[in-house]
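Enquirer: Going down the list, the protein sequences come from chains F and P.
Numbered by this note's numbering, the letters in the first sequence go through residues 1 to 209 in order.
Numbered by this note's numbering, the letters in the second sequence go through residues 1 to 209 in order.
Number of protein chains: 2
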Amino acid sequence: MARATRRPALTTVATSPDVRRAVLDGALAIIATSGADAVSMRDVARRAGVSHQAPYHYFGDRAGIFAAICEEGFTRFADEFEATLNSTSDPARDCLRTYVTFATNNVGHYRVMFRPDISGTSTHEQARRAGDRAFAALLDLAERVSPGNGASDNPLMLPITLWSMAHGLSTLLMDGPLLAKIPADMPSDALISQFTDFATRSLDVQFNR
Amino acid sequence: MARATRRPALTTVATSPDVRRAVLDGALAIIATSGADAVSMRDVARRAGVSHQAPYHYFGDRAGIFAAICEEGFTRFADEFEATLNSTSDPARDCLRTYVTFATNNVGHYRVMFRPDISGTSTHEQARRAGDRAFAALLDLAERVSPGNGASDNPLMLPITLWSMAHGLSTLLMDGPLLAKIPADMPSDALISQFTDFATRSLDVQFNR
DNA sequence: CAATCTGTCTTGACATTGTCAAGTCGTGCG
DNA sequence: CGCACGACTTGACAATGTCAAGACAGATTG
Numbered sequence: 001m002a003r004a005t006r007r008p009a010l011t012t013v014a015t016s017p018d019v020r021r022a023v024l025d026g027a028l029a030i031i032a033t034s035g036a037d038a039v040s041m042r043d044v045a046r047r048a049g050v051s052h053q054a055p056y057h058y059f060g061d062r063a064g065i066f067a068a069i070c071e072e073g074f075t076r077f078a079d080e081f082e083a084t085l086n087s088t089s090d091p092a093r094d095c096l097r098t099y100v101t102f103a104t105n106n107v108g109h110y111r112v113m114f115r116p117d118i119s120g121t122s123t124h125e126q127a128r129r130a131g132d133r134a135f136a137a138l139l140d141l142a143e144r145v146s147p148g149n150g151a152s153d154n155p156l157m158l159p160i161t162l163w164s165m166a167h168g169l170s171t172l173l174m175d176g177p178l179l180a181k182i183p184a185d186m187p188s189d190a191l192i193s194q195f196t197d198f199a200t201r202s203l204d205v206q207f208n209r
Numbered sequence: 001m002a003r004a005t006r007r008p009a010l011t012t013v014a015t016s017p018d019v020r021r022a023v024l025d026g027a028l029a030i031i032a033t034s035g036a037d038a039v040s041m042r043d044v045a046r047r048a049g050v051s052h053q054a055p056y057h058y059f060g061d062r063a064g065i066f067a068a069i070c071e072e073g074f075t076r077f078a079d080e081f082e083a084t085l086n087s088t089s090d091p092a093r094d095c096l097r098t099y100v101t102f103a104t105n106n107v108g109h110y111r112v113m114f115r116p117d118i119s120g121t122s123t124h125e126q127a128r129r130a131g132d133r134a135f136a137a138l139l140d141l142a143e144r145v146s147p148g149n150g151a152s153d154n155p156l157m158l159p160i161t162l163w164s165m166a167h168g169l170s171t172l173l174m175d176g177p178l179l180a181k182i183p184a185d186m187p188s189d190a191l192i193s194q195f196t197d198f199a200t201r202s203l204d205v206q207f208n209r
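1) Going by DSSP in three states, P/Thr88 sits in which element: helix, strand or coil?
2) F/Ser202 by DSSP, collapsed to three states: which one?
3) Specify the secondary structure class of F/His192 as computed by DSSP and reduced to three states.
4) Could you spell out where the alpha helix (DSSP H) holding F/Ala134 opens and where it closes?
5) Note down, in chain order, every chain F residue with its Cβ under 7 Å from the Cβ of P/Leu156.
6) Suppose you measure from the CA of F/Ile210 to the CA of F/Gln53; what does that come to, to the nearest Å?
7) Under 9 Å between C-beta atoms, does P/Ser34 make it to chain F?
8) According to DSSP, is F/Met186 part of a helix, a strand, or is it coil?
9) Could you check if F/Asp175 is buried or exposed, using at least 16 other CB atoms within 10 Å of its CB as the buried criterion?
10) Report the neighbours of P/Phe135 on chain F: residues whose CB is nearer than 7 Å to its CB, in chain order.
11) On the three-state DSSP scale, how would you describe F/Pro155?
12) What's the gap between the Cα of F/Ala9 and the Cα of P/Ile182?
13) My output table needs one value for P/Asn105: the three-state DSSP class, helix, strand or coil.
14) Measuring straight from C-alpha to C-alpha, what distance separates F/Gly64 and P/Ala83?
15) Return the residue from the list P/Val19, P/Ala29, P/Val23 and P/Arg144 that minimises the CA-CA distance to P/Ser89.
16) Going along chain F, which residues have a C-beta under 8 Å from P/Thr161?
17) Find the nearest neighbour of P/Glu125 within the set P/Met186, P/Arg46 and P/Glu71, judged by alpha-carbon distance.
18) Please check if any C-beta of chain P sits within less than 9 Å of the C-beta of F/Leu191.
19) If you draw a straight line from the C-alpha of F/Ile31 to the C-alpha of P/Phe114, how long is it?
20) Considering only residues of the same chain and omitting the five flanking positions on each side of P/Asp140, which have a CB-CB separation below 7 Å?
21) For F/Ala27, which residues from the same chain have a beta carbon less than 6 Å from its beta carbon, with the 5 sequence-adjacent residues on both sides left out?
22) Could you compute how far the alpha carbon of P/Thr98 sits from the alpha carbon of F/Asn105?
23) According to the neighbour-count rule (16 or more other Cβ atoms, all chains shown, within 10 Å of its Cβ), is P/Gly60 buried or exposed?
24) For F/His57, which of F/Arg20, F/Ser146 and F/Ala68 has the nearest alpha-carbon?
25) Report, in whole angstroms, the separation of the C-beta atoms of F/Ala78 and F/Leu24, which I expect to be a contact under 8 Å.
26) For the alpha helix (DSSP H) that P/Ala36 lies in, which residues bound it at each end?
27) Which word fits F/Thr33, buried or exposed, when buried means at least 16 other C-beta atoms lie within 10 angstroms of its C-beta?
28) Is it right to say F/Pro147 is buried, meaning 16 or more other beta carbons lie within 10 angstroms of its own, or is it exposed?
29) Closest to P/Asp117 by C-alpha separation, out of F/Arg111, F/Pro116 and F/Gly120, would be which residue?
30) Run through chain F and tell me which residues come within less than 8 Å of P/Gly120, C-beta to C-beta.
31) Cβ of P/Gly168 within 9 Å of Cβ of F/Met165?
32) Distance cutoff 9 Å, beta carbons only. Does P/Val205 sit that close to anything in chain F?
33) Among F/Arg93, F/Leu173 and F/Arg62, which has the Cα closest to the Cα of F/Thr123?
34) Which residues in chain F have a C-beta closer than 8 Å to the C-beta of P/Asp61? List them in chain order.
35) When you compare the CB of F/Ala38 with every CB in chain P, is at least one pair closer than 9 Å?
36) Could you compute how far the alpha carbon of F/Gly108 sits from the alpha carbon of P/Pro155?
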């Protein structure tokens, strides 16, 4: 019907002001529920109500979508992390909490950010820069927590430890193997609090605050 | 040539006693270098020198390959972990080290084990059981480290903390964002040692050994 | 010894995917 | 009025995962 005049083929949804956003959100939803492997160009295009080639216009290729997600994720993350750091009196505890909360609230972004094979940090300049900014924020936290660099003579030891704990808990929560082991009546929110308390106290011995 | 008599089409490599092993090893090599997304049925078949359908005989489908890798990984991991636990006088330090070393030495396996969308722990019974055994070993470690459950009233807090630190460092090392930040002259082996020392000391405050 | 079964593969086909190439169409601008 | 440009579209193409249907060597059975 109405093929002669060559109208937009998909009259219902198409030509929204930001197809770009729709593509990104569609991809993020798929990543969060089914993993990045499940993202198909044609599938996200269908979800956005556009042709299978429309996403290419904005992102170039599949890797471009992931790079855009990665950049957005690292930028939002750095924003939240820096905001916490600039307004807390207990940096270790509050930043750990911000970190884990960000990860569990932005599973789609986080999954891409820490999958180097798809993150685009090595191929897409903007994604790399956003990642670097996030890493700088982490170093700021370590310096704030222990200006003298704690008990270790390796200046990276404290940042790595903080990062490992936060990243470790985040991925364990996100990827399920931990949640499956936890009693159902314990909300993950409470678990995060307990963990950050426990972790903060554990680290105390390495740097006398 | 020689098509008439219907001989094996690939005379050079084919019909080795264990195509199964070749398929698994091919897949693992791809996963370790390019990620699990890059694993293609037809590619691993080509590497193993067999037809594109041979892997299906052993694994059913793509997910079957991942499930087999996952099971093998968790089994080996539990073996190593238990062995360390049964022969150490410093369980926290040595098991942390065993954990991280296993991960970095078995990147292909580890990547699959902790990607629930492909690990098969929810669909393949044997993969699930192997995972449960590994988790039980972790609980053993926590009990050994702190029989009274440390300073927390949540019995999972110590296992989760140990796991988060080990898993966090492992994935950060494996997936690159950390290695890229570390001075080139520091071998990751030394880093692991420093980390386990630092982490062990950090945890000391929560449980007086 | 012939027939049958079974494990280990193989070739063939199909729908679906990522991506290249080449339009189409409205909108602004000279 | 013409025409370049952005935002798409339709149309290919090779490669992929998987279903179906053999092929064939060796063991089992009559």
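Each residue gets a CB set at the ideal place from its N, CA and C atoms; glycine is no exception.
Expert: In terms of the structure at hand:
1) Residue state for P/Thr88 is assigned as coil, using DSSP reduced to three classes.
2) Looking at F/Ser202 - three-state DSSP - the assignment turns out to be helix.
3) Per the sequence shown, residue 192 of chain F should be read as Ile rather than His. In this structure, F/Ile192 counts as helix in the three-state DSSP scheme.
4) Counted as a single uninterrupted DSSP element, the alpha helix (DSSP H) harbouring F/Ala134 occupies residues Glu125 to Val145.
5) Ile182, listed in chain order.
6) Shown here, chain F extends from 1 to 209; a query on residue 210 of chain F therefore has no answer.
7) Chain F contact via Cβ: present.
8) In the displayed model, F/Met186 falls within coil according to three-state DSSP, outside both helix and strand.
9) So F/Asp175 counts as buried.
10) Within chain F, the residues Lys181 have their CB atoms less than 7 Å from the CB of P/Phe135, given in chain order.
11) DSSP places F/Pro155 in coil when its eight states are reduced to three.
12) For F/Ala9, the predicted structure reports a pLDDT of 36, less than 50, and the residue's modelled location is therefore unreliable. A value from the coordinates is still provided. C-alpha separation (whole angstroms): 53 Å.
13) Three-state DSSP puts P/Asn105 in a helix.
14) When rounded, the distance between both Cα atoms is 45 Å.
15) For P/Ser89, the closest C-alpha among the options P/Val19, P/Ala29, P/Val23 and P/Arg144 is that of P/Arg144.
16) Annotation: Cβ neighbours of P/Thr161 in chain F (cutoff 8 Å, chain order): Met165, Phe195, Phe198, Ala199 and Ser202.
17) Looking at the Cα atoms, P/Glu71 is the closest of the given residues.
18) So yes, F/Leu191 belongs to the interface.
19) Roughly 15 Å separates the two Cα atoms.
20) Close CB contacts of P/Asp140 within its chain, under the 7 Å cut and outside five residues either way in sequence, are with Leu85 (chain order).
21) Sequence-distant partners of F/Ala27 (beyond 5 residues in either direction) whose C-beta falls short of 6 Å from its own C-beta, in its chain, are Val39, Val44 and Ile65.
22) Distance from the CA atom of P/Thr98 to the CA atom of F/Asn105, rounded to whole angstroms, is 32 Å.
23) Counting Cβ neighbours within 10 Å, P/Gly60 comes out exposed, since fewer than 16 surround it.
24) If you compare the alpha carbons of F/Arg20, F/Ser146 and F/Ala68 with that of F/His57, the shortest gap goes to F/Arg20.
25) Not really, about 19 Å apart at Cβ, beyond 8 Å.
26) Taken as a continuous stretch (DSSP letters only), P/Ala36 belongs to no alpha helix (DSSP H), as it is neither H nor E.
27) When all chains shown are included, F/Thr33 counts as exposed.
28) Exposed.
29) Cα-wise, what sits closest to P/Asp117 is F/Arg111.
30) The premise fails here: P/Gly120 is roughly 13 Å from chain F at the closest Cβ pair, so nothing lies under 8 Å.
31) Yes, they are a contact pair.
32) For P/Val205, the answer is yes, since a Cβ of chain F falls inside 9 Å of its Cβ.
33) The shortest Cα separation from F/Thr123 among F/Arg93, F/Leu173 and F/Arg62 belongs to F/Arg62.
34) Annotation: P/Asp61 has no Cβ neighbours in chain F at a cutoff of 8 Å; minimum Cβ distance is about 14 Å.
35) At least one chain P Cβ lies under 9 Å of F/Ala38.
36) Their Cα atoms are separated by approximately 30 Å.
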